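Working notes for the structure below.
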Amino acid sequence: MRRSPGVRLCATAAVSTLSVALVTGCSGSGSGSASGSGPRGRALNAAALDRLVIAEGELPGYEIRPTDPGTTAGDPPPSAGAACRPLLPLLAGTAPGTPAAQVSRTAAEKDGPETHATALDGLSEGEVQNAVRQSMDRDVTVITLASYAGNGAHRALRSVSGAVRACADGFGGTGPGARTFTAFTPEHASGAGEESVAFAAAGGDGAGDGAASGGSVHFQVVRHGSTLATYMTMNVGAMMARRAYAVPPRVISAQSAKLR
Numbered sequence: 000m001r002r003s004p005g006v007r008l009c010a011t012a013a014v015s016t017l018s019v020a021l022v023t024g025c026s027g028s029g030s031g032s033a034s035g036s037g038p039r040g041r042a043l044n045a046a047a048l049d050r051l052v053i054a055e056g057e058l059p060g061y062e063i064r065p066t067d068p069g070t071t072a073g074d075p076p077p078s079a080g081a082a083c084r085p086l087l088p089l090l091a092g093t094a095p096g097t098p099a100a101q102v103s104r105t106a107a108e109k110d111g112p113e114t115h116a117t118a119l120d121g122l123s124e125g126e127v128q129n130a131v132r133q134s135m136d137r138d139v140t141v142i143t144l145a146s147y148a149g150n151g152a153h154r155a156l157r158s159v160s161g162a163v164r165a166c167a168d169g170f171g172g173t174g175p176g177a178r179t180f181t182a183f184t185p186e187h188a189s190g191a192g193e194e195s196v197a198f199a200a201a202g203g204d205g206a207g208d209g210a211a212s213g214g215s216v217h218f219q220v221v222r223h224g225s226t227l228a229t230y231m232t233m234n235v236g237a238m239m240a241r242r243a244y245a246v247p248p249r250v251i252s253a254q255s256a257k258l259r
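Residue numbers for the sequence shown follow numbering that gives the first Met the number 0, so the first one is 0 and each next one is one higher.
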């Protein structure tokens, strides 16, 4: 199906709205492998990370672009307990701990083959919902590379692993628009790098329908020496259809290859 301008606009707005909603109130839990000793190497600056982060043309089927500043973290929500706070930067698409430098990119799965135009005019409500859902059925991954001094990368990843266990039941949002995260499910980590953590965060805002009230967002944190690669993947169409998805292995593989 060809995505019409109207449907594309809906998809872009929904993904942006979800990114902002994640910042307003979040918690998480997760798991994965967490073996390995301290990091090797030294902290890199932003210019060095810029050369290492995945770039346009390096991952067929994906568009690589600068990350929307709207996904950066704000003040932690009051409802997030101290044990949960190491997860808040991840849920906002940024790096955990205190990195010396970090850079971010967004890898968005490209549209599939376009065979015929589909306009919203004249469609029934159900057909419009189906068209919008199909237009949003693509993985969008925020990739953040962060470099740490000393053993900071190891400690930051361990803090995430500990917060995953401490916040398994999530926490409720407070105030207008705040989200409640209700379930945090450990997932199988990729095994890339020296150690990694993976989890899914599920929740909603109480609206009762659509991706805004449920669905899971998927995360992985992978350590490569003194650098952490963090991945946050959303697929709004899959959320609406209640279909399983995950951080795309191709994205992790492509980024990991540049960090070897």
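No residue lacks a Cβ here, since even glycine has one placed at the ideal position from N, Cα and C.
In this text the structure is predicted, and so the values were computed from the model without any measurement.
Leaving out five residues on either side along the sequence, give the residues of the same chain with a beta carbon under 6 Å from the beta carbon of residue i.
i: ARG242; result: none
i: PHE218; result: LEU89, PHE198 and MET231
i: ALA245; result: HIS217
i: GLY214; result: MET238
i: ALA165; result: ALA82
i: GLU55; result: ILE63
i: ALA107; result: GLU62 and VAL139
Hey, how far is the Cα of residue i from the Cα of residue j?
i: PRO185; j: LEU89; result: 15 Å
i: ALA256; j: ALA191; result: 9 Å
i: VAL139; j: LEU227; result: 19 Å
i: ALA237; j: GLN101; result: 29 Å
i: ALA201; j: ALA91; result: 14 Å
i: LEU51; j: LYS109; result: 22 Å
i: SER225; j: LEU48; result: 12 Å
i: ARG154; j: TYR61; result: 32 Å
i: ALA152; j: MET239; result: 35 Å
i: PRO247; j: ARG259; result: 19 Å
i: PHE183; j: ALA167; result: 5 Å
i: SER103; j: ILE63; result: 10 Å
i: ALA46; j: PRO65; result: 15 Å
i: GLY169; j: THR229; result: 20 Å
i: ARG249; j: PHE180; result: 28 Å
Going by DSSP, what residue range makes up the beta strand (DSSP E) through residue i?
i: MET233; result: 226-233
i: ILE63; result: 61-65
Between which two residues does the alpha helix (DSSP H) holding residue i run?
i: HIS153; result: 151-165
i: ALA107; result: No alpha helix (DSSP H) contains ALA107, which is instead part of the beta strand (DSSP E) from 100-108.
i: ALA145; result: Per DSSP, ALA145 belongs to no alpha helix (DSSP H); it is in the beta strand (DSSP E), 139-146.
i: ARG241; result: Per DSSP, ARG241 belongs to no alpha helix (DSSP H) and is neither H nor E.
i: SER255; result: 248-258
i: ARG222; result: Counting along the chain, ARG222 falls outside any alpha helix (DSSP H), though it belongs to the beta strand (DSSP E) covering 215-223.
i: ALA47; result: 45-51
i: PRO95; result: Counting along the chain, PRO95 falls outside any alpha helix (DSSP H), and DSSP gives it neither H nor E.
Going by the CB atoms, is the gap between residue j and residue i shorter than 8 Å?
i: VAL221; j: ALA199; result: no
i: ASP136; j: ASN44; result: no
i: LEU156; j: VAL196; result: yes
i: ILE262; j: SER160; result: Since the first and last residues shown for the chain are 0 and 259, residue 262 lies out of range.
i: ASP67; j: THR105; result: yes
Report all residues from its chain with a CB closer than 8 Å to the CB of residue i; omit the five preceding and five following residues, and keep chain order.
i: ALA253; result: ILE53, GLU57 and LEU58
i: GLY35; result: Note on GLY35: pLDDT 35, under 50, position unreliable in the model; the coordinate value appears next. Around GLY35: HIS153, GLU193, GLU194 and ARG222.
i: ARG41; result: ALA148 and SER225
Using a Cβ-Cβ distance under 8 Å, would residue i count as near chain B?
i: PHE218; result: Going by chain labels, chain B is absent from the structure shown, which holds only one protein chain.
Could you pull out every residue in the same chain whose Cβ sits closer than 7 Å to the Cβ of residue i, ignoring the five residues on either side in sequence?
i: SER158; result: PRO85, PRO95 and GLY96
i: VAL141; result: THR66, THR70, GLY92, SER103, THR105 and MET231
Segment contact, 8 Å Cβ cut-off, at least three pairs: the region 85-101 with the region 143-156 = The region 85-101, when compared against the region 143-156, does touch it at the 8 Å Cβ threshold.
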